[in-house]
Structures are given as C-alpha cells and as structure tokens.
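Remarks on the structure that follows.
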Amino acid sequence: MADTVQAVDVEIPDPWKLPLDTFDVSKAEIFQHNKHGEYFRRLRKEAPVHYCPDSMFGPYWSITRYNDIVAVDSNHRQFSSQKSIVIGDTPDDFDTPMFIAQDPPIHDVQRKAVQPAVAPSQLSDIEALIRQRVSNILDDVPIGERINWVEHVSKELTTQMLATLFDFPFEDRHLLPYWSDVTTTSETVGIAVDMEHRKQELMKCLEYFMRLWAERAQQPRKFDFISLFAHDPETRDMIENPLELMGNLMLLIVGGNDTTRNSISGGVVHLNNNPAEYAKLKADPSLIPNMVSEIIRYQTPLAHMRRTALEDVDFNGHKIRAGDRVVMWYASGNRDDEVIERADEFLIDRPNARRHLSFGFGIHRCMGNRVAEMQLRILWEEILNRFEHIELVGEPQRVLSNFVLGYEDVPVIVHAK
0 MADTVQAVDV
10 EIPDPWKLPL
20 DTFDVSKAEI
30 FQHNKHGEYF
40 RRLRKEAPVH
50 YCPDSMFGPY
60 WSITRYNDIV
70 AVDSNHRQFS
80 SQKSIVIGDT
90 PDDFDTPMFI
100 AQDPPIHDVQ
110 RKAVQPAVAP
120 SQLSDIEALI
130 RQRVSNILDD
140 VPIGERINWV
150 EHVSKELTTQ
160 MLATLFDFPF
170 EDRHLLPYWS
180 DVTTTSETVG
190 IAVDMEHRKQ
200 ELMKCLEYFM
210 RLWAERAQQP
220 RKFDFISLFA
230 HDPETRDMIE
240 NPLELMGNLM
250 LLIVGGNDTT
260 RNSISGGVVH
270 LNNNPAEYAK
280 LKADPSLIPN
290 MVSEIIRYQT
300 PLAHMRRTAL
310 EDVDFNGHKI
320 RAGDRVVMWY
330 ASGNRDDEVI
340 ERADEFLIDR
350 PNARRHLSFG
360 FGIHRCMGNR
370 VAEMQLRILW
380 EEILNRFEHI
390 ELVGEPQRVL
400 SNFVLGYEDV
410 PVIVHAK
C-alpha cells in the first residue's frame, strides 16, 4: 500500500492515562502500532458513545459496542451512508458515488445488478478454478527460506480472485491491487498523500475499465461484474457518469482485495501467536470453516464504517445532531465481551464464530462475504495438505490506516511436510 511501508515513529500514549475528552481514535498510527485495542476497551467501558470535538477530519462520534453498532448500521433512515463511508469527507471535486455509499433505492438497484457474480451457484461453478489457482500459488512458495507471506500468497491469491470476478485480463491483474491501494491510501483515512497524483492514477483505472465496459456491452451477458453492470437495465447507463462507474468499480476492487488479503495474512499471524490453536487446527482440519470466521472476526480487516446523521437523534442518552459524523468501529464491536465471550481470545472452535461485524450489518452487509470465506477455506485446506508449518520469524509490519487493518510484511519460513 502506497505511503505505508515505514512505521510512523511516534509514542502512543497509554489510553488509560488520558482524559476521555481528549480521546481521538482516528489517528492512523494507533492502528499501525496495534495499540487500538486498549483505546477501544476503555471507550466500551466508560464512553461507548463518545464525541471527539477535534480531529484531522473534524468532530465525530465513536460507536464502540457491538449492539450499538448494529443499531446504527441497520438504521439507514437516520444514519446515511451517502456523505462518506470513511471518517473523512470525499473531496468535492472528485466525488465517486458507489452503492455502498448510497441509501435505498439507489443502493438496492446497483447492488442487485452485480449480486449474481457472487451468488452461491456461481461460486460453486468457480470453486475448482480457485482451488487450482491456490495450489499453483502455494506450489511456488519457497521452502525453508524467509519470505514475505503478504507478497507471495495473500496479495497474489486475492489478485487472481479479483481478476476472475471482473474477468480482467490476467496479464494485467497486478493493476487491481495497485488501484485498491491507491484508493485506500488517502487523507480521508489518515494518510498524507499527493491527491493530484492519486486522481491521475484513478483516472487511468477508469479509462481501462471503460474500454472493458465497451467490449462487454457488445458481447453476450456473462457473470463478471463489468458485464452484469453493462447489461442490467438499471445500471447500463452508468457509463455516462464516469465517476459513478469508477466509484462502484473501486468499491468492488477494495472490497475484494482488503478483506481477503488481510485475513489471509492475519490468519498466519494469529495462529503463530496462539500455538495451541495452530496445533488444534493440525489435529482437526474439519475446524477450517469455523476458523475462517474466527480469523475474519479477530482480524477485522476494515476497522470502521462511517454514517452521517440525517436528523437530530437521541442515542443512548446522547444528542447526535443532523450532519454529525458517526463512526462505527467494527474493530471494537468484534472485541465486545458483553456479546462475544472471551472476545479478546483467538479460538478457532469458537461457537457462533460467524456472529461478527467484519462484514457489516443490515442492507450494507458485504455481498462478497461468501467469496472471502471460500478463498480462506480453500487456502487453508491446501496449506494443510502440503505444509507442516508456517513459521512467523519476525514482527509483522502493519499498514498506516485507520480504515484498513492490514499488513505490509508478514515474514515467515514455510516448512514442508
């Protein structure tokens, strides 16, 4: 991810020693240094609905408990996605509408258009292809030498899956994670970037996809994202609004890239940090599907989603004003021990492991959740078939973002059976 390789060298204050009225959990370095857990623990305990009057994004509310997040996420009549889905505002001169950042009916129409690409029947049809690609990637992993798991496996697998879902030219597939990183590396999530350069790169993305759209529109309808958009009566005119087209394409790219990539990386990290769970997995591979859900919960690949209050709302004794930013911290809700027993523990046989917030809740729940789960399931099935152990041999390097909870480098040595 651009501009995130070097860790920000700052001292992260002890959250238990700070006055609550000075709390600002939007600072990206808190997440890069993996210190956000204690900040959210204190907020859940003492100020689960917390107002920050001053941040680099302006004032905002933090919603940190599981049930409160569900309440906001499922109430699009009072809490809108339209202004922005991240804590920062989109620049007015580069507004890229996307259906996740829309409310009904636009959201429902555009989401419905591409839903068939990730329907269970379609995923069943491509499972063999995904397994073959996973096998090829793992067979190319160097044995017995230090590698970056992110580059060798996490990024490559998600890139190939994205290329499949978009029916994207395979030889250019590396462009997809690059564009995803350009999208998520932004001042709107706490990263200083050259916004003009960012716009230029995203315009190249748009030009590429407009060429593909023109081709697909002239061909019979297929089950890739571009063809589905181009042929649906409700979305085929999207080509006339290029920024809206780009917004929706980037939503699908980022959604398919960050969640899976960082869960693939996070799984290796969490199993190494919890060797008893790794041993449990090796002893009983039937735990893989449940473990996949636990990895996604424990990692929480996207730390937050934001809503904007449409009207004055009394929420748990707090007066949220119309226009206020309301940030749902999924990374906190997934560690709420009032709802999830032993929430801070990584337990691959956890009951009700799918009861997590990583995919969102309500009408905006991630439509690609089954794709992510399928990739992770197949990956771990194939890992156990061929490797004795994936050994973490250094400190993982996390990205600088208050939105994407991910990794730049997960140094490992892979041991063959």
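Residue 102 in numbering that gives the first Met the number 0 sits at position 103 of the sequence shown, and the numbers go up by one each step. Just so you know, even glycine gets a beta-carbon here, dropped at the ideal spot from N, CA and C. For clarity, every value in this text was computed on a predicted model and none was experimentally measured.
- V413 has its alpha-carbon roughly 15 Å from the corresponding atom of K281.
- Here the stretch 161 to 178 does not lie against the stretch 268 to 286, with fewer than 3 beta-carbon pairs under 8 Å apart.
- By the criterion of a C-beta distance shorter than 6 Å, T89 is surrounded in its chain by S83, once the five residues flanking it on both sides are discounted.
- Within the stretch 25 to 90, the complete alpha helix (DSSP H) runs of at least 4 residues fall at 27 to 31, 35 to 45 and 65 to 72.
- In this chain, E340 is not harboured by any beta strand (DSSP E), its DSSP state being neither H nor E.
- The beta carbon of A216 is closer than 8 Å to those of A229, H230, R235 and I238 in its chain, skipping five residues each way along the sequence.
- Taking 8 Å as the cut-off, the beta carbon of I125 is found no closer than this to the beta carbon of L156.
- The C-beta separation of E28 from L399 comes to about 7 Å, placing the pair in contact by the 8 Å criterion.
- Note that the C-beta distance between T21 and F39 is not below 8 Å.
- Each of F345, R324 and R306 was checked against the Cα of R334, and the nearest Cα belongs to F345.
- Under the three-state reduction of DSSP, P274 is assigned to helix.
- Around the beta carbon of R364, fewer than 16 other beta carbons lie within 10 angstroms, which makes this residue exposed.
- Taken through DSSP and simplified to helix, strand or coil, R260 comes out as helix.
- In the displayed model, L17 falls within coil according to three-state DSSP, outside both helix and strand.
- Taking a cut-off of 8 Å for Cβ pairs, the stretch 307 to 325 and the stretch 352 to 371 do not touch, as fewer than three such pairs fall below it.
- D166 sits in coil when the DSSP states are folded into three classes, being neither helix nor strand.
- For secondary structure counted as the beta strand (DSSP E) over 3 or more consecutive residues, the stretch 312 to 398 holds these complete runs in sequence order: 312 to 314, 317 to 319, 324 to 328 and 386 to 391.
- Spatial neighbours of D223 in its own chain (CB-CB distance under 7 Å, excluding positions within 5 residues in sequence) are listed in chain order as A116, L164, F165 and D166.
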